[in-house]
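*Asks:*
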Amino acid sequence: MTQDNPMGGFDLGAMLEQAQQMQAQLMNAQAELAGQTVEGSAGGIRVTLSGTGELVGVHVPPGTFDGNEEESLSDLGDLVVAAFRDAKARADQLASAALGPLAGGLGDLGGLTGGSPGV
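When you read off a place in the sequence shown, starting at 1, and then add 23, the result is the number in the working numbering.
1) If I follow the unbroken alpha helix (DSSP H) through Glu77, where does it start and stop?
2) I need the boundaries of the alpha helix (DSSP H) containing Glu55, first residue and last residue.
3) Using the C-alpha atoms, what's the distance from Gly80 back to Val10?
4) Measuring straight from C-alpha to C-alpha, what distance separates Ala42 and Leu35?
5) I'd like to know whether the C-beta atoms of Ala105 and Leu56 end up nearer to each other than 8 angstroms.
6) Going by other Cβ atoms of all chains shown within 10 Å of its Cβ, with 16 needed for buried, is Ala114 buried or exposed?
7) Going by Cα to Cα distance, which pick from Ala37, Leu39, Gln53 and Glu40 is closest to Pro124?
8) Using a 10 Å radius around the Cβ and a threshold of 16 neighbouring Cβ atoms, would you call Ala112 buried or exposed?
9) Within its chain, find whatever has a CB closer than 8 angstroms to the CB of Leu49; leave out the 5 residues flanking it on each side and keep chain order.
10) Quick check on Ala110: buried or exposed, where buried means 16 or more other Cβ atoms within 10 Å of its Cβ?
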């Protein structure tokens, strides 16, 4: 332990400041993601999601399906689900690219865990 820092080199003030900076960066990245959109498609159906994964649109081209045929409607449902999954995968990639560098900054929480596995 040193006289300047009785905790032996553990600077809580600097750690708190770093955490506040990371929180601000995370909030900015999340706001940026919310303003972006991604599309997924399957069989002509297009689904649009925000960068945060919120469903914002579904486009079914006119004349694509016969609303009077049960099988056609079932196919429509399957294609909407597939298009959503495609869009969700893209949104997840976008979020990972935007937020990944911030998560990397956590490291071992500034030495707090001592690099212990499982902490």
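Built from N, CA and C at the ideal position, the CB exists for glycine as well. All figures in this text were calculated on a predicted structure; none of them were measured in a lab.
*Replies:* In this structure, then:
1) Position 54 of the sequence shown holds residue 77. That residue, Glu77, is in no alpha helix (DSSP H); it is neither H nor E in DSSP.
2) On the sequence shown, residue 55 is found 32 positions in, with the first residue counted as 1. Run containing Glu55: Leu35 to Ala57, per the alpha helix (DSSP H) assignment.
3) Because residue 10 is not part of the residues shown, which for the chain are 24 to 142, the question remains open.
4) Looking up residue 42 in the sequence shown gives position 19. Looking up residue 35 in the sequence shown gives position 12. In a straight line, the C-alpha of Ala42 is about 10 angstroms away from that of Leu35.
5) Your numbering for residue 105 matches position 82 in the sequence shown. Your numbering for residue 56 matches position 33 in the sequence shown. At least 8 angstroms separates the beta-carbon of Ala105 from that of Leu56.
6) Stepping through the sequence shown from its first residue, residue 114 is reached at position 91. Burial of Ala114 is indicated by the presence of at least 16 other C-beta atoms within 10 angstroms of its C-beta.
7) For the purposes of this step, residue 124 is taken as the residue at position 101 of the sequence shown. Residue Gln53 is the option with its Cα nearest to Pro124.
8) By 1-based counting over the sequence shown, the position of residue 112 is 89. Its Cβ having fewer than 16 others within 10 Å, Ala112 is exposed.
9) Reading the sequence shown from its first residue, position 26 is the one you call residue 49. Cβ neighbours of Leu49 beyond the five flanking positions: Leu122 and Leu125.
10) Stepping through the sequence shown from its first residue, residue 110 is reached at position 87. It is buried - the Cβ of Ala110 has at least 16 other Cβ atoms within 10 Å.
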